[in-house]
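Enquirer:
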Amino acid sequence: MTVNIRFDPIRLPKICQDLRHEVRDFLHEEEAAGTFDRRENAMGGIFNKEFSRKVGAKGWIGMSWPKKYGGHERTFLERYVVTEEMRVANAPVRGHFTADRQSGPIILKLADEDIKADILPRIAAGECTFCIGMSEPSNGSDLFAARVKATKTDGGWLINGSKIWTSYAHLADYMIALFRTSPCTKENRRHGLTNFLVDLKNFNDIKINPVVNLRGQHEFNEVVFEDTFIPDQYVLGEIDGAWKQATSELAYERSGPERFLETSYVLFELAQVLGKQPDSRAAEGLGRLVAGLHTLRRMSVSVNGMLQAGEEPTIQGSLVKDLGTIWEQELPAKARDLATFVPPGNSNRASFDALLNYGIQVAPKLTIQGGTTEVLRGIIARGLGLR
Ligand SMILES: Cc1cc2nc3c(=O)[nH]c(=O)nc-3n(C[C@H](O)[C@H](O)[C@H](O)COP(=O)(O)OP(=O)(O)OC[C@H]3O[C@@H](n4cnc5c(N)ncnc54)[C@H](O)[C@@H]3O)c2cc1C
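Spelled out as structure tokens, the structure:
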């Protein structure tokens with residue numbers, strides 16, 4: 001079997017270049033006004049509702065969605081540019097980013113008209129925060145083993161069980177969650193799961209317990225459902241058929257620039273600390289890192305071009321996430337080596353060291369979030385016809 005994996009070169013059109021300058025100007029103004037600090041934000045604390053509202057007012061959330069739902073009918077390439085600039089600046093996008101990237105598109109595709117009309121304009125305005133309820137204590141990568149149970153009752157469903165590692169559930173308004181509505185069948189182990197929209201602020205009997213990470217930060221949560229009632233209208237898509245729905249959304253989730261820029265601040269600090277005339281060894285190392293980043297960018301832009309053309313580049317999206325993770329995970333250790341001979345008195349050294357330390361601590365999790373490396377390679381191998 002021959003599989004043709006293409007990454008067609010895409011040149012960003014002028015409208016994207018103009019937009020990039022507009023976003024940069026906005027971010028510089030916000031930084032100057034004290035809304036955020038890109039160095040501090042590199043180390044967490046990136047949830048800011050007021051900032052999300054400002055981004056919404058600029059028209060940079062729900063950029064590709066229909067205007068009738070508060071969207072702006074712009075291209076994926078324009079959205080790419082906004083995402084890239086926000087990520088590189090460590091802008092506080094947590095309040096809207098999950099909803100913009102994946103929850104909004106799922107609602108657009110699967111929700112009732114009333115829900116679309118109610119929620120999508122609020123997301124686009126930066127008013128609405130979402131979290132993702134997939135992982136459970138006994139199953140993470142194997143989504144089809146999900147056990148949190150939804151039992152049919154009059155007018156809706158009763159939910160029982162726990163989700164875990166739910167990023168920012170404590171600050172979110174809604175969750176899109178995967179629940180078990182039927183057992184799997186002998187013929188299809190993926191059967192029996194359904195997507196639900198959970199109104200975390202208005203549904204009763206939901207407990208959100210903090211799970212503090214090794215930096216002492218509260219980002220993760222355990223979310224416990226105890227006979228939580230969810231009305232029928234909040235079912236998203238086909239009952240028992242959630243497995244049919246996860247197609248192009250995975251490419252959106254995995255191929256964006258946020259998937260290889262998470263530790264990029266280490267590269268920028270490295271360039272500062274090495275100065276304008278690094279020795280030849282440092283210059284070569286820096287050059288290799290930048291070349292890797294440049295290649296990842298071209299691949300990611302190419303995937304966004306395919307999404308714009310209505311294709312479903314699942315394998316390409318997985319490749320970008322896998323290669324991007326390797327790059328951003330290796331970056332802190334390589335930067336530490338390259339900075340070995342920079343004198344302690346260098347004026348940029350303290351800032352570099354602080355961000356490097358943080359980068360080293362967060363690097364291990366990069367292969368787990370958004371699909372583990374092994375699972376992505378399984379998807380790539382299947383796409384290549386190797387398994
Ligand atoms: C920063 C961060 C944020 C997260 N946010 C969320 C969130 O908001 N919502 C949410 O639902 N989850 C979230 N997660 C959870 C994450 O998606 C899961 O941790 C992930 O799915 C892995 O599940 P697990 O931890 O149970 O590990 P496991 O699935 O038990 O995996 C353990 C190891 O076994 C390997 N493995 C598993 N299956 C296979 C296989 N078939 N073939 C080969 N190797 C395999 C994995 O690659 C991994 O190395 C987050 C995780 C992180 C790190």
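The sequence shown begins at 1 in the working numbering and counts up one residue at a time.
Just so you know, even glycine gets a beta-carbon here, dropped at the ideal spot from N, CA and C.
What you are looking at is a predicted structure, and each value in this text was computed from that prediction instead of being measured.
1) Examine ligand 1 and report whether any of its heavy atoms sits within less than 7 Å of the Cβ of E222.
2) Roughly how many angstroms lie between the CA atoms of L77 and R94, to the nearest whole one?
3) Rounded to a whole number of angstroms, what is the C-alpha to C-alpha distance between G370 and F260?
4) Under a three-way DSSP split, which group does E262 fall into?
5) Pick out whichever of K58, V375, R79 and T372 has its Cα sitting closest to the Cα of G305.
6) Can you tell me whether DSSP reads W243 as helix, strand or coil?
7) Could you compute how far the alpha carbon of E374 sits from the alpha carbon of D142?
8) Classify G385 as helix, strand or coil using the three-state DSSP reduction.
9) Spatial neighbours of P231 within its chain, please: CB distance less than 7 Å, with the 5 preceding and 5 following residues excluded, ordered by chain position.
10) Keeping to the same chain, check which residues put their C-beta closer than 7 Å to that of R20; ignore five residues upstream and five downstream.
11) Assign F341 to one of two classes, buried (16 or more other C-beta atoms within 10 Å of its C-beta) or exposed (fewer than that).
12) Grab the span of the alpha helix (DSSP H) containing A282 for me, first residue to last.
13) Looking at the secondary structure, which residues open and close the alpha helix (DSSP H) in which M86 lies?
14) Suppose the cutoff is 7 Å on Cβ atoms and the five residues either side in sequence are ignored; what does the same chain contact list for P210 look like?
15) Does any heavy atom of ligand 1 sit closer than 7 Å to the C-beta of G378?
16) Let me know if E29 comes out buried or exposed under the rule of 16 or more other beta-carbons within 10 Å of its beta-carbon.
17) Work out the CA separation of W65 and V198 for me, nearest whole Å.
18) Taking Cβ positions, are I379 and S302 nearer each other than 8 Å?
19) Can you tell me where the beta strand (DSSP E) with G133 in it begins and where it stops?
20) Grouping DSSP H, G and I as helix and E and B as strand, with all else coil, what is P231?
21) Does at least one heavy atom of ligand 1 sit under 7 Å from the Cβ of I368?
22) Measuring straight from C-alpha to C-alpha, what distance separates Y265 and F352?
23) Would you say G126 and H96 are within 8 Å of each other, going by their C-beta atoms?
24) In the DSSP assignment, find the unbroken alpha helix (DSSP H) run with T325 in it and report its ends.
25) In whole angstroms, what separates the C-alpha of S248 from that of S255?
26) Should the stretch 307-315 be called in touch with the stretch 277-295, which here means at least 3 C-beta pairs below 8 Å?
27) Would you mind giving the Cβ-Cβ distance between L236 and N188, rounded to the nearest angstrom? I have them listed as a contact below 8 Å.
Expert: A quick look at the data gives this:
1) By one-based count along the sequence shown, residue 222 stands at place 222. Relative to ligand 1, even the nearest heavy atom lies 7 Å or more away from the CB of E222.
2) Within the sequence shown, the letter at position 77 stands for residue 77. Within the sequence shown, the letter at position 94 stands for residue 94. A direct Cα-to-Cα measurement between L77 and R94 gives close to 21 Å.
3) Position 370 of the sequence shown, counted from the first residue, corresponds to residue 370. Position 260 of the sequence shown, counted from the first residue, corresponds to residue 260. Distance from the CA atom of G370 to the CA atom of F260, rounded to whole angstroms, is 12 Å.
4) For the purposes of this step, residue 262 is taken as residue 262 along the sequence shown, with counting starting at 1. When DSSP states are grouped into helix, strand and coil, E262 belongs to the coil group.
5) Residue numbering aside, residue 305 sits at position 305 when the sequence shown is read from its first letter. Nearest option by C-alpha distance: R79.
6) Taking the sequence shown and counting its residues from 1, the one referred to as residue 243 is at position 243. The answer is helix: DSSP assigns W243 an H, G or I state.
7) Your numbering for residue 374 matches position 374 in the sequence shown. Your numbering for residue 142 matches position 142 in the sequence shown. One C-alpha to the other measures close to 12 Å.
8) Counted from its first residue, the sequence shown places residue 385 at position 385. Here G385 sits in coil by DSSP.
9) Your numbering for residue 231 matches position 231 in the sequence shown. Spatial neighbours of P231 in its own chain (CB-CB distance under 7 Å, excluding positions within 5 residues in sequence) are listed in chain order as G155 and G156.
10) What you label residue 20 is simply residue 20 of the sequence shown in a count that begins at 1. Same-chain partners within the cutoff: V81 and E85.
11) Taking the first residue of the sequence shown as position 1, residue 341 is located at position 341. That one is exposed.
12) Position 282 of the sequence shown holds residue 282. Element bounds for A282: S280 to Q308.
13) As a first step, residue 86 must be located in the sequence shown, where it is residue number 86. Segment F76 to V88, the alpha helix (DSSP H) holding M86.
14) Taking the sequence shown and counting its residues from 1, the one referred to as residue 210 is at position 210. Excluding sequence positions up to five before and after P210, its CB lies within less than 7 Å of the CB of H170, H218 and N221, all in the same chain and listed in chain order.
15) On the sequence shown, position 378 is the one that residue 378 refers to. G378 Cβ: within cutoff of ligand 1.
16) Sequence index remark: in the sequence shown, residue 29 carries index 29 (1-based). Label assigned to E29: exposed.
17) For the purposes of this step, residue 198 is identified with residue 198 of the sequence shown, where counting begins at 1. For the purposes of this step, residue 65 is identified with residue 65 of the sequence shown, where counting begins at 1. In a straight line, the C-alpha of V198 is about 22 Å away from that of W65.
18) One-based indexing of the sequence shown puts residue 379 at position 379. One-based indexing of the sequence shown puts residue 302 at position 302. No; because the gap between Cβ atoms is not below 8 Å, this pair is not in contact.
19) For the purposes of this step, residue 133 is identified with residue 133 of the sequence shown, where counting begins at 1. Membership of G133 in the beta strand (DSSP E) is indicated by the continuous run F130 to G133.
20) As a position in the sequence shown, residue 231 is number 231, starting the count at 1. DSSP, read as helix, strand or coil, puts P231 in strand.
21) The residue labelled residue 368 in the question sits at position 368 within the sequence shown. I368 Cβ: within cutoff of ligand 1.
22) Numbered from 1 along the sequence shown, position 265 holds the residue referred to as residue 265. Numbered from 1 along the sequence shown, position 352 holds the residue referred to as residue 352. Rounded to the nearest whole angstrom, the CA to CA distance from Y265 to F352 is 9 Å.
23) What you label residue 126 is simply residue 126 of the sequence shown in a count that begins at 1. What you label residue 96 is simply residue 96 of the sequence shown in a count that begins at 1. H96 sits close to G126, with the two beta carbons spaced by under 8 Å.
24) Working through the sequence shown from its first residue, we reach residue 325 at position 325. For T325, the uninterrupted alpha helix (DSSP H) segment begins and ends at T314 to L338.
25) Taking the sequence shown and counting its residues from 1, the one referred to as residue 248 is at position 248. Taking the sequence shown and counting its residues from 1, the one referred to as residue 255 is at position 255. In this prediction, S248 scores a pLDDT of 49, lower than 50, which makes its location untrustworthy; the coordinate-derived value is nonetheless stated afterwards. About 11 Å.
26) The answer is no - the stretch 277-295 does not touch the stretch 307-315, with fewer than three Cβ pairs under 8 Å.
27) Position 236 of the sequence shown, counted from the start, is the residue given in the question as residue 236. Position 188 of the sequence shown, counted from the start, is the residue given in the question as residue 188. Cβ atoms of L236 and N188 stay farther apart than 8 Å, at about 20 Å.
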